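This note's numbering applies: residue 24 is where the first sequence begins, and numbers increase by one. Everything below concerns the one structure shown next.
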Amino acid sequence: MRQSKLFTKSLRSISSEETAINAQLLLRGGFAFKHAAGVYSYLPLGWRVMRRVSDIIRQEMNGIDGQEMFMPALVDRKYLEATDRFKLDVGYDAITKTDKEPGFSLGWTHEEVITAIATHYIASYKDLPFATYQIQTKFRNEPRAKSGLLRGREFMMKDLYSFHTSEEDLNDYYQKVREAYIRVFNRCGLDVFYTLAAGGDFTANTTHEFQVLADVGEDTIYYCQACMLAQNDEVATWKDGEKCSECGGVIRKGNAVEAGNIFPLGTKYSEAMNLTYTDEKGERQHVVMGSYGIGVSRLMAIIVEVYHDERGILWPQAVAPFAAHIITIPGSAKAAQAAEKLEAELTLAGIDVLYDNRDSVSAGEKFADADLIGIPVRLTLSEKSLAAGGVEVKRRGEEETRVVAQAEVLDILRAVVSE
RNA sequence: CGGGCUGUCGUAUAGUGGUAUUAUGCACGAUUCGGGUUCGUGCGAUCCGGGUUCGAUUCCCGGCAGCCCGACCA
24 MRQSKLFTKS LRSISSEETA INAQLLLRGG FAFKHAAGVY SYLPLGWRVM
74 RRVSDIIRQE MNGIDGQEMF MPALVDRKYL EATDRFKLDV GYDAITKTDK
124 EPGFSLGWTH EEVITAIATH YIASYKDLPF ATYQIQTKFR NEPRAKSGLL
174 RGREFMMKDL YSFHTSEEDL NDYYQKVREA YIRVFNRCGL DVFYTLAAGG
224 DFTANTTHEF QVLADVGEDT IYYCQACMLA QNDEVATWKD GEKCSECGGV
274 IRKGNAVEAG NIFPLGTKYS EAMNLTYTDE KGERQHVVMG SYGIGVSRLM
324 AIIVEVYHDE RGILWPQAVA PFAAHIITIP GSAKAAQAAE KLEAELTLAG
374 IDVLYDNRDS VSAGEKFADA DLIGIPVRLT LSEKSLAAGG VEVKRRGEEE
424 TRVVAQAEVL DILRAVVSE
């Protein structure tokens with residue numbers, strides 16, 4: 024990708040009203056565009072990050088036998104009335120099918136939809152268990168959208184639903200999801216606390232959230248750094264400074280952002296929507312369900328909250344929009360020629376490269392842009408670097424640079440990408 | 001949904017009861033090239049509605065929008 028052709032440009036300044044770091048950096052760097060509070064477009068750079076995060080999620084969901092599918096955003100009123108969730112404030116429920124009354128809600132979650140589908144395909148215990156998921160835009164009529172991409176009126180979510188013959192089987196799967204979720208967040212570079220919480224509108228049971236410590240966080244948790252367990256203050260029995268009841272570590276109190284959550288739904292939805300199966304004895308039973316969510320766009324924002332410095336973002340390699348950023352110091356035809364060759368070589372090897380080929384932009388501005396955009400490896404080509412033996416390599420976030428021969432760059436990047 | 005603050009070129013800002021400052025951006029021309037180079041010329045704005053007034057971007061009322069706090073939040 025040539026930076027001269029990149030649709031977006033970085034902005035020198037954004038509204039002073041944006042106080043959330045993720046909003047400042049994602050807007051300034053050209054990753055996202057804000058249309059209204061809580062309503063964003065993902066621009067080419069941001070969408071690349073979203074796709075990388077989504078792909079990590081897909082791999083982990085497929086790894087626990089999740090089957091990807093896609094459901095409508097327009098949720099039929101009859102489904103939501105079956106579970107008495109049509110009038111909940113979080114939904115945009117005024118989508119009219121006729122001019123008389125609302126026929127749809129813009130989906131804010133899809134338990135009812137997947138359950139409606141399941142009633143057509145589940146008849147026997149032999150059909151269970153199974154799990155399906157989707158990555159889709161969700162709509163929530165937030166009374167107060169805020170904190171950049173952390174709390175949106177419209178946002179990207181991965182929602183997984185599982186169906187079982189028994190509570191035991193649900194619990195086994197619940198633990199598998201827990202482990203898969205922790206792998207997702209760790210692969211995105213985040214330390215998460217597995218956090219006990221209340222179930223809200225989804226279930227009367229307690230549930231679990233995956234919380235990432237961050238100043239911007241809306242939740243207060245009591246956490247143990249030793250065993251990575253935590254309790255949301257709405258259900259907490261721990262106190263700051265106490266010993267962890269699980270491992271004896273010290274409990275701390277902190278602000279955190281909820282990156283995901285998992286709910287043991289039991290038979291709440293299967294009873295409301297009459298989802299049953301016939302067991303080995305020929306008796307009808309209600310299907311036992313679980314639901315599991317990760318806010319994909321929120322995850323991108325959390326990564327920015329955790330990985331940034333005063334100059335910009337520091338994307339972890341696993342989610343970076345590009346693996347490497349080639350920069351030429353303007354004014355040197357030799358450097359530009361070498362850069363084109365390097366770009367071609369890396370691209371051929373399957374490495375995503377952004378090449379800042381702009382010729383009318385000063386070196387300083389290119390460096391400032393590179394720091395803001397936050398691609399993990401910067402490759403600078405100039406008369407100076409060529410004279411010193413090739414390409415100057417610098418990791419974002421480190422001050423150290425080193426010059427290597429062009430022939431070595433590919434091996435270095437292969438190593439970085441596989442980290 | 002309650003409370004507070006705020007709406008001025010694309011962005012960020014100054015100021016004013018008599019149509020508006022500066023920077024950045026953008027266009028053109030020069031200059032420069034290892035951390036947002038420098039110079040010139042040009043383009044570009046008072047959220048919407050009503051009221052007061054000879055005259056409102058300014059004052060008043062209402063609306064809308066944004067941010068922050070609270071409530072709410074899988």
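Positions of the beta carbon are idealized from the N, C-alpha and C atoms, including for glycine. All values reported here derive from a predicted model rather than from experimental measurement.
Whole-angstrom C-beta distance between residue j and residue i, which should lie under 8 Å
i: V215; j: F233; result: 4 Å
i: A347; j: I374; result: 6 Å
i: V432; j: T424; result: Their Cβ separation, rounded to whole angstroms, is 13 Å, which puts V432 and T424 out of contact at 8 Å.
i: M17; j: A139; result: Only positions 24 to 442 of the chain appear in this structure, which leaves residue 17 out of reach.
i: Y204; j: P287; result: The Cβ separation is near 14 Å, so there is no contact.
i: G212; j: A361; result: Not a contact, Cβ separation roughly 32 Å.
i: L322; j: G52; result: With a Cβ gap of about 17 Å, L322 and G52 do not count as contacting.
i: Y300; j: S147; result: 6 Å
Nearest neighbour of residue i, chosen from the options [CA to CA]
i: Y63; options: L129, G171, S185, R334; result: G171
i: S405; options: Y292, Y315, R275, A356; result: A356
i: D78; options: M312, M180, G412; result: M180
i: A468; options: G69, A203, T42; result: Lying outside 24 to 442, the shown extent of the chain, residue 468 is not represented and no answer is given.
i: Q443; options: P67, A411, S27; result: No information on residue 443 is available, as it lies outside the stretch 24 to 442 that the chain covers here.
i: K161; options: F186, M94, A220; result: M94
i: K18; options: R418, L436, I435, A393; result: Outside the displayed range of the chain (24 to 442) lies residue 18, so it cannot be described from this structure.
i: G387; options: D99, R334, R100; result: R334
i: V273; options: L252, H187, E281; result: L252
i: A221; options: N209, D256, L49; result: D256
i: T229; options: V235, A237, L236, L219; result: L219
C-alpha gap between residue i and residue j, whole angstroms
i: A249; j: L365; result: 45 Å
i: D263; j: T403; result: 48 Å
i: G175; j: E165; result: 7 Å
i: A279; j: V329; result: 11 Å
i: V239; j: K276; result: 14 Å
i: G318; j: L409; result: 45 Å
i: T351; j: I87; result: 45 Å
i: V310; j: R201; result: 21 Å
i: I285; j: A438; result: 35 Å
i: D192; j: K149; result: 14 Å
i: M24; j: G354; result: 20 Å
i: A343; j: Y315; result: 25 Å
Short Cβ contact (9 Å threshold) for residue i with residue j
i: L183; j: G130; result: no
i: F178; j: G289; result: no
i: M73; j: Y156; result: no
i: V207; j: I336; result: no
i: I37; j: Q47; result: yes
i: V400; j: L436; result: yes
i: L298; j: A141; result: yes
Could you tell me which uninterrupted beta strand (DSSP E) segments, each at least 3 residues in length, are contained entirely in the region 155-204, listed from first to last along the chain? Within the region 155-204, the complete beta strand (DSSP E) runs of at least 3 residues are 177-187.
Unbroken beta strand (DSSP E) runs of length 3 or more, entirely within the region 43-97: which are they? Here the runs fully enclosed are 55-59, 62-65, 89-91.
Counting only runs of 3+ residues fully inside the region 239-289, write out the beta strand (DSSP E) ranges in chain order. As far as the region 239-289 is concerned, its whole beta strand (DSSP E) runs of at least 3 residues are 242-247, 252-255, 274-289.
Runs of 4 residues minimum, wholly inside the region 295-343: which ones carry the alpha helix (DSSP H) assignment? Complete alpha helix (DSSP H) runs here, min 4: 319-329.
For a minimum of 3 consecutive residues, which ranges assigned as the beta strand (DSSP E) are wholly contained in the region 340-370? Correct list: 347-351.
Complete runs of the alpha helix (DSSP H) confined to the region 394-442 [at least 4 residues]: Counting only runs of 4 or more, we get 406-410, 429-440.
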